[in-house]
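Q:
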Amino acid sequence: MSAKIFGNRLKQARKAIGLSLRNLANLVGLSHTAIQKYEKGET
């Protein structure tokens, strides 16, 4: 699976359960910037 596809799926799943970037970041122990990069396929 490419990073871009993973990022799109991550963003869809996050939004489907009503989490903000910051909320998800806090739950998984990453910065919101890291989550944002994953969602953009940059990581």
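Numbering (this note's numbering), first residue to last: 840 to 882.
Here a beta-carbon is modelled for each residue, glycine too, at the ideal position from N, C-alpha and C.
The alpha helix (DSSP H) that contains Gly-846, what's its start and end?
A: Segment 842-855, the alpha helix (DSSP H) holding Gly-846.
Q: Let's test the definition: count the other Cβ atoms within 10 Å of the Cβ of Glu-944 and tell me whether it reaches 16, buried, or not, exposed.
A: Residue 944 is absent from the model: the chain starts at 840 and stops at 882.
Q: Consult DSSP for Glu-878 and reduce its assignment to one of helix, strand or coil.
A: Three-state result, Glu-878: helix.
Q: Using a Cβ-Cβ cutoff of less than 6 angstroms, which residues in the same chain neighbour Leu-863 once the five nearest sequence positions on both sides are dropped?
A: Once the five neighbours on either side are set aside, the close Cβ partners of Leu-863 are Arg-853 and Ile-874.
Q: Hey, would you say Glu-878 sits closer than 7 angstroms to Lys-850, going by beta carbons?
A: Going by C-beta atoms, Glu-878 is nearer than 7 angstroms to Lys-850.
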